[in-house]
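Numbering (this note's numbering) for the sequence shown: 13 to 261. Written out below as structure tokens is the structure these notes cover.
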Amino acid sequence: MRIFINPKYKKLKGFLNELPDQFEEIGISVYKGRNEIKVIEIEGVKLNVKSFKIPHLINKIAYAWLRGSKAKHSYEYGLEILHRGANTPEPVAVVEVIKNGLFNRSYYVSIHHEYDFTIRDLIGFDFPDKENILKQFAVFTFEKLHRNGIHHLDYSRGNILISKKEDGNYDFSIVDINRLKFEKMDYLKGLKNFSQIWAGEDELEIVAREYARLNQQDEDEAVHLLIRLDQEHKIKINRKLALKKKLRK
13 MRIFINPKYK
23 KLKGFLNELP
33 DQFEEIGISV
43 YKGRNEIKVI
53 EIEGVKLNVK
63 SFKIPHLINK
73 IAYAWLRGSK
83 AKHSYEYGLE
93 ILHRGANTPE
103 PVAVVEVIKN
113 GLFNRSYYVS
123 IHHEYDFTIR
133 DLIGFDFPDK
143 ENILKQFAVF
153 TFEKLHRNGI
163 HHLDYSRGNI
173 LISKKEDGNY
183 DFSIVDINRL
193 KFEKMDYLKG
203 LKNFSQIWAG
213 EDELEIVARE
223 YARLNQQDED
233 EAVHLLIRLD
243 QEHKIKINRK
253 LALKKKLRK
């Protein structure tokens, strides 16, 4: 077993050592699909623990000896995101299990982040203060992520957590960060990032105009560009889904 732990949380070493054996029995499951996420409170610290599925054979070898696992990437990227001034739940540790020389399971542990809703909750709905939220979302993406060289490669609805503040402002935080690049984000690459939220044209227009304003670019052109990029993204994803469905038959 390999454990990488944030020195700030070294008191949790005992819990981390037992985590692979105890994960199924403890905590509250808040998501279960390919991976599972649980909320676990230990020694007064409320944690999110993400258990990644056992990888296929090639990645069993790669994750064990050649490159970092998804859990390790999440941990390392999380620390770097915070260092660059953006928001993500604070990384606590990563636990990796090796069996017979092959990678088996991995767990990413972070501080539980309280939030009010996600981008998923407002896209396509009549949501209170929606235009203001989308504008602030564009500002967060530009000022906290893109300007700091953070490119979230899975910038989808459920991966953007939002907390409402009393002054009419909102705090944003990103999760599911194992697919991420630290690179220079030019205007077009940044605009394309929004195509992943699967929004309607009216919603994309709000985001595009605000993002163009921040970048001192033409707003009307930005709207046309983002709508086109969004359509291309939806076609690409739908083709992938159709192919997977066909292969399952």
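The beta carbon of each residue, even a glycine, is placed where N, CA and C say it ideally should be. The model shown is predicted, which means the values in this text are computed figures rather than measured ones.
Going by DSSP in three states, residue i sits in which element: helix, strand or coil?
i, result
"Arg14", "strand"
"Val42", "strand"
"Asp179", "coil"
"Phe139", "coil"
"Ala105", "strand"
"Lys193", "strand"
"Thr153", "helix"
Indicate whether at least one CB of chain B lies closer than 9 Å to the CB of residue i.
i, result
"Asp198", "Structure shown: chain B not included; a single protein chain is present."
Taking the beta strand (DSSP E) that residue i belongs to, which residues open and close that run?
i, result
"His164", "Ile162 to His164"
"Lys201", "Note, Lys201: premise wrong, no beta strand (DSSP E); alpha helix (DSSP H) at Tyr199 to Asn205."
Where does residue i land, buried or exposed, given buried means 16+ other C-beta within 10 angstroms?
i, result
"Pro101", "buried"
"Gly180", "exposed"
"Ser41", "exposed"
"Asn60", "buried"
If contacts are defined as beta-carbon pairs under 8 Å, then residue i and residue j qualify, I think. What distance do you get, rounded to the angstrom?
i, j, result
"Leu216", "Leu238", "5 Å"
"Ala83", "Ile15", "Between Ile15 and Ala83 the Cβ distance is about 11 Å, and since that is not below 8 Å, they are no contact."
"Ala234", "Ala220", "4 Å"
Starting from residue i, follow its DSSP beta bridges and name the residues at the other end.
i, result
"Lys62", "Ile49 and Tyr120"
"Ser185", "Leu173"
"Ile110", "Phe115"
"Leu94", "For Leu94, which the question treats as bridged, DSSP gives no partner whatsoever."
"Val57", "Ile54"
Mind checking which residues open and close the alpha helix (DSSP H) that includes residue i?
i, result
"Asp214", "Glu213 to Leu226"
"Phe264", "An answer regarding residue 264 cannot be provided, because it is not within the stretch 13 to 261 covered by the chain."
"Leu134", "Looking at the DSSP string, Leu134 is not in any alpha helix (DSSP H), and its letter there is neither H nor E."
"Arg278", "Residue 278 cannot be examined here, being either before or after the span of the chain that is shown, 13 to 261."
"Asn71", "Leu69 to Ile73"
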